[in-house]
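Enquirer: Handing you this structure, nothing more for now.
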Amino acid sequence: MAEKPRLKLPKEATKGEIIQIKTLVSHVMESGQRKDAQGKPIPRKIINKFTCEFNGKPVFSCVLEPAISANPYIQFDARIDEAGTFKFAWTDDDGSVITAEEKIALKA
Amino acid sequence: MLSRYIRLAVAIAAAASVATCASAEEPERKGIPAPPGHVFKTIISGYQFRSKETRALQDDDLENPGFLAVERAADAWKKVEGSEGKSCMSCHGEAETSMKGVGAAMPKWDDKLAKPVNLEQRINICRSEHMKAEPWKFKSRELTDMTTFVRYQSHGMPVAVKTDGPMSPWFERGKQTYYTRYGQLDLACASCHERNNGKFMRADFLSQGQTNGFPTYRLRDQRLVPLHERFEGCMFDVRAEPFKPLSDEFLALELYVAWRGIGLPVETPSVRN
Amino acid sequence: MKAINRRQAFALGGGFVMLTLMPMAADAEVTGDAAKWIEKFTGGKQAVKGKISLDLPEIAENGNTVPLSLTVESPMTADSYVKEVMILADGNPNAGVATLMFTPLSGKAEASIRIRLATTQNVVAVAKMSDGSLFTEQKTVKVTIGGCGG
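Chains as they are written, first to last, in the numbering used here: chain F, -19 to 88; chain W, 11 to 283; chain G, 55 to 204.
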């Protein structure tokens, strides 16, 4: 079930400014290590990749393993050289992708 | 056979390591003065008993994973369900105004049922009676989300349960449960949370067992846990047969424990270990 | 084993306390699964200690959610930047935690995540710079197990 990720970043920045981006997405991050009540292993289901690009250029990405806590929180930075659009994508083991976008303007 | 002196050596080392852990915690825990006749001099939220990392997680409303539930339920609030064609919003409007203070005063007396009801029960009464929708199961994500969302509308407001009038026998019943020893470990709620809060029990740092942060995002479970599930967990931990969630026993206990935290700000969604 | 007397018991207990209070003189050598991950990441090249600051709690309140922040010293320009940082937990069933990929557009080689630690163990970070040089840092996190929060 795709849900709205939570994002926090400024709406505008001065040229050359480095901003902080906080992201939080709802996901169980089932590690594949656990067993259900009947003792059967619960299959792994995690967000295995996160990417952030700005105006089509890669800013930050990461490959995630089952050792990432449920509801993954990822915080990183970005240098703003121009106004534009951030695109965020979280890829699930099942192939589905949660996406979000956020615009940022340059301060006059 | 292990010499008893070796055991003594281990005990010294263990005691010292506990002392090291304890000194790593901030010794000063802020609380609020309790009203006259209360069991505590100072009422202290569970927040004060947690590590600085856990507190930081609660304080940042983006990082706090409990807000994922608040946002999900904000959408569910507007969703029409059941044969009456209603959503929560159809009757209650904007939750930010209509639900303000509601969660802080639960459990509350219900004249029709002639018993107190808690927030989960109130939500399900609305669903089955007014929306003609299926009630949500206890521990379901939907019910815990909505409970969290409604409680969040009282964020920062003091816990303000009423314990007089028809509530008083329920209060007394809850109090009796609180002081009754249960299980193979033969422990009462009071054994840990009244007499030994601020101390370690094995790896656990005991709090006053306050309920102002529930439903709470538990690091252990990595999801929101409703109060009666925590009660169940405590009883399980002392190796007792737990009462059922939403049973009269737990409802009475919820009322009594809410009173023990009277005046504490509602912290839902809080973050606990 | 010979039984010890009370005085020896105090000495032994006290000695253990001293030992645990002493700062770790040197980083533990990474072995097992974590070593295999590092080998693959570095191509067998030796990583040098430094440049990375790794922020983790000394004692994790619960191993299921442990906050981790790291910063790698770098100008983060097109000529000189941090390319990748691999994070490993040497006591987990699988040592892999995450691999962070930075670009000059990141501005800073800084990130925070939350990780799962099955037990008390070392968390290791290895950074690969744009010039191919490698740096490493590690920290021990005590994970409390048992009791109601366990």
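For each residue, glycine too, the CB sits at the ideal point set by N, CA and C.
Can you list the residues of chain W that residue 199 of chain G reaches, using a CB-CB cut of under 7 Å?
Expert: By one-based count along the third sequence, residue 199 of chain G stands at place 145. Those within 7 Å of residue 199 of chain G in chain W are 213.
Enquirer: Mind checking the segment -8 to 26 of chain F against chain W and listing, in chain order, the residues whose C-beta falls within less than 7 Å of any C-beta there?
Expert: Listed by position, the residues of the segment -8 to 26 of chain F near chain W (Cβ gap below 7 Å) are 2, 4, 6.
Enquirer: Mind listing the chain W neighbours of residue 49 of chain F? Cutoff is C-beta to C-beta under 7 Å, in chain order.
Expert: Taking the first sequence and counting its residues from 1, the one referred to as residue 49 of chain F is at position 69. By Cβ distance, chain W contributes 232.
Enquirer: For the alpha helix (DSSP H) that contains residue 65 of chain W, what are its first and last residues?
Expert: For the purposes of this step, residue 65 of chain W is taken as residue 55 along the second sequence, with counting starting at 1. Run containing residue 65 of chain W: 62 to 69, per the alpha helix (DSSP H) assignment.
Enquirer: Between residue 159 of chain G and chain F, is the shortest Cβ-Cβ distance under 8 Å, so that the two count as touching?
Expert: Along the third sequence, read from residue 1 onward, the residue named residue 159 of chain G stands at position 105. Taking Cβ atoms only, chain F reaches closer than 8 Å to residue 159 of chain G, which makes this a yes.
Enquirer: Per DSSP, residue 103 of chain G forms a beta bridge with which residues?
Expert: Here residue 103 of chain G is taken as the residue at index 49 of the third sequence, counted from 1. Residue 103 of chain G pairs with G:190.
Enquirer: Of all Cβ atoms in chain G, is any one closer than 8 Å to the Cβ of residue 221 of chain W?
Expert: The residue labelled residue 221 of chain W in the question sits at position 211 within the second sequence. So no, residue 221 of chain W is outside the interface.
Enquirer: Report yes if the C-beta distance between residue 162 of chain G and residue 74 of chain F is below 8 Å; otherwise report no.
Expert: For the purposes of this step, residue 162 of chain G is taken as the residue at position 108 of the third sequence. For the purposes of this step, residue 74 of chain F is taken as the residue at position 94 of the first sequence. Result no, Cβ atoms of residue 162 of chain G and residue 74 of chain F do not sit closer than 8 Å.
Enquirer: Figure out for me which residue from F:24, F:25, F:28, F:7 has the closest Cα to the Cα of residue -17 of chain F.
Expert: Position 3 of the first sequence, counted from the first residue, corresponds to residue -17 of chain F. Checked all of F:24, F:25, F:28, F:7; the closest Cα to residue -17 of chain F is F:7.
Enquirer: So residue 167 of chain W is in the beta strand (DSSP E); what residue range does that whole segment cover?
Expert: Locating residue 167 of chain W in the second sequence gives position 157, counting from the first residue. Residue 167 of chain W -> no beta strand (DSSP E), and no H or E assigned at all.
Enquirer: Who does residue 176 of chain G pair with in a DSSP beta bridge?
Expert: As a position in the third sequence, residue 176 of chain G is number 122, starting the count at 1. Answer by DSSP bridge pairing, in chain order: G:194.
Enquirer: For residue 74 of chain G, name the three-state secondary structure that DSSP assigns.
Expert: By 1-based counting over the third sequence, the position of residue 74 of chain G is 20. Because the pLDDT of residue 74 of chain G is 48, which lies under 50, any placement of that residue in the model is unreliable, and the number read from its coordinates should be weighed accordingly. The answer is helix: DSSP assigns residue 74 of chain G an H, G or I state.
Enquirer: Output needed for residue 199 of chain G: all residues of its chain with C-beta closer than 8 Å, excluding positions within five of it in sequence on either side, in chain order.
Expert: Your numbering for residue 199 of chain G matches position 145 in the third sequence. The residues are 117, 173.
Enquirer: Taking 8 Å as the CB-CB limit, is residue 118 of chain G close to chain W?
Expert: Taking the third sequence and counting its residues from 1, the one referred to as residue 118 of chain G is at position 64. Chain W, which has a Cβ nearer than 8 Å to the Cβ of residue 118 of chain G, makes this yes.
Enquirer: Taking just the CA atoms, how far does residue 67 of chain F sit from residue 225 of chain W?
Expert: For this step, residue 225 of chain W is matched to residue 215 along the second sequence. For this step, residue 67 of chain F is matched to residue 87 along the first sequence. So the alpha carbons of these two residues sit roughly 33 Å apart.
Enquirer: Under DSSP, the alpha helix (DSSP H) around residue 0 of chain F begins and ends at which residues?
Expert: Reading the first sequence from its first residue, position 20 is the one you call residue 0 of chain F. Careful: residue 0 of chain F lies outside any alpha helix (DSSP H), inside the beta strand (DSSP E) at -3 to 4.
Enquirer: Run through the DSSP bridge pairs and tell me what residue 83 of chain W is partnered with.
Expert: Here residue 83 of chain W refers to the residue found at position 73 of the second sequence. Paired residue(s): none; residue 83 of chain W is not in a bridge.
Enquirer: If we cut at 8 Å on Cβ distances, does residue 88 of chain F have a partner in chain G?
Expert: Numbered from 1 along the first sequence, position 108 holds the residue referred to as residue 88 of chain F. No, residue 88 of chain F does not count as interfacial toward chain G.
Enquirer: Enumerate in chain order the residues of its own chain whose CB-to-CB distance from residue 191 of chain W is below 8 Å, with the five nearest sequence positions on each side excluded.
Expert: Counting from one through the second sequence, the residue named residue 191 of chain W turns up at place 181. If we look at residue 191 of chain W and ignore the five residues flanking it on each side, its Cβ neighbours are 197, 198, 201.
Enquirer: By how many angstroms is the C-alpha of residue -13 of chain F removed from the C-alpha of residue 73 of chain W?
Expert: Within the second sequence, residue 73 of chain W is the residue found at index 63, counting from 1. Within the first sequence, residue -13 of chain F is the residue found at index 7, counting from 1. In a straight line, the C-alpha of residue 73 of chain W is about 10 Å away from that of residue -13 of chain F.
Enquirer: Report the option in G:166, G:127, G:197 whose CA atom is closest to the CA atom of residue 55 of chain F.
Expert: The residue you call residue 55 of chain F lines up with position 75 of the first sequence. Nearest of G:166, G:127, G:197 to residue 55 of chain F, Cα basis: G:166.
Enquirer: Residue range of the beta strand (DSSP E) that residue 125 of chain W falls in?
Expert: Translated into positions along the second sequence, residue 125 of chain W becomes position 115. It spans 125 to 127 - the beta strand (DSSP E) in which residue 125 of chain W sits, taken as one unbroken run.
Enquirer: Could you give the distance in angstroms between the alpha-carbon of residue 147 of chain W and the alpha-carbon of residue 100 of chain W?
Expert: Locating residue 147 of chain W in the second sequence gives position 137, counting from the first residue. Locating residue 100 of chain W in the second sequence gives position 90, counting from the first residue. Distance between the alpha carbons of residue 147 of chain W and residue 100 of chain W is about 22 Å.
Enquirer: On the premise that residue 105 of chain G lies in contact with residue 181 of chain G, defined as a C-beta separation below 8 Å, what is that separation, rounded to the nearest angstrom?
Expert: Position 127 of the third sequence, counted from the first residue, corresponds to residue 181 of chain G. Position 51 of the third sequence, counted from the first residue, corresponds to residue 105 of chain G. That belief holds up - the Cβ atoms of residue 181 of chain G and residue 105 of chain G are roughly 6 Å apart, short of 8 Å.
Enquirer: Residue 72 of chain W touches chain F at which residues, Cβ-Cβ below 7 Å?
Expert: The residue you call residue 72 of chain W lines up with position 62 of the second sequence. -14, -12, 2, 4, listed in chain order.
Enquirer: Show which residues of chain G have a CB atom less than 7 Å away from the CB atom of residue 43 of chain F.
Expert: Working through the first sequence from its first residue, we reach residue 43 of chain F at position 63. Result: 152, 153.
Enquirer: Which term fits residue 246 of chain W, buried or exposed, when burial requires 16 or more other beta carbons within 10 angstroms of its beta carbon?
Expert: For this step, residue 246 of chain W is matched to residue 236 along the second sequence. Under this definition residue 246 of chain W is an exposed residue.
Enquirer: What does residue 259 of chain W touch in chain G if you count any residue whose Cβ is under 7 Å from its own?
Expert: Here residue 259 of chain W refers to the residue found at position 249 of the second sequence. Those within 7 Å of residue 259 of chain W in chain G number zero; the least Cβ separation is about 20 Å.
Enquirer: To which residues of the same chain is residue 131 of chain W closer than 7 Å at the C-beta, ignoring the five residues directly before and after it?
Expert: In the second sequence, counting from the first residue as 1, residue 131 of chain W sits at position 121. Here the set comprises 256.
Enquirer: I want to verify the contact list: residues of chain W whose CB lies under 7 Å from the CB of residue 164 of chain G, in sequence order.
Expert: In the third sequence, the residue the question calls residue 164 of chain G occupies position 110. Per Cβ cutoff of 7 Å: no residues; residue 164 of chain G is ~15 Å from chain W at best.
Enquirer: From residue 113 of chain G to residue 235 of chain W, what distance separates their C-alpha atoms?
Expert: Within the third sequence, residue 113 of chain G is the residue found at index 59, counting from 1. Within the second sequence, residue 235 of chain W is the residue found at index 225, counting from 1. Cα to Cα, residue 113 of chain G sits roughly 23 Å from residue 235 of chain W.
Enquirer: Which one of W:123, W:50, W:55 has the shortest CA to CA distance from residue 168 of chain W?
Expert: The residue labelled residue 168 of chain W in the question sits at position 158 within the second sequence. Minimum Cα distance to residue 168 of chain W is reached at W:55.
Enquirer: Do you know how far the Cα of residue 250 of chain W is from the Cα of residue 98 of chain G?
Expert: The residue you call residue 98 of chain G lines up with position 44 of the third sequence. The residue you call residue 250 of chain W lines up with position 240 of the second sequence. Spanning the two alpha carbons is a distance of roughly 55 Å.
Enquirer: Can you say whether residue 237 of chain W is buried or exposed, counting buried as having 16 or more other CB atoms within 10 angstroms of its CB?
Expert: Locating residue 237 of chain W in the second sequence gives position 227, where the first residue counts as 1. Flag for residue 237 of chain W reads buried.
Enquirer: For residue 45 of chain F, name the three-state secondary structure that DSSP assigns.
Expert: As a working note, residue 45 of chain F is residue 65 in the first sequence. Residue 45 of chain F: coil per DSSP, three-state reduction.
Enquirer: If you follow the beta strand (DSSP E) that residue 166 of chain G is in, where does it begin and where does it stop?
Expert: As a first step, residue 166 of chain G must be located in the third sequence, where it is residue number 112. Taken as a continuous stretch (DSSP letters only), the beta strand (DSSP E) holding residue 166 of chain G covers 163 to 169.
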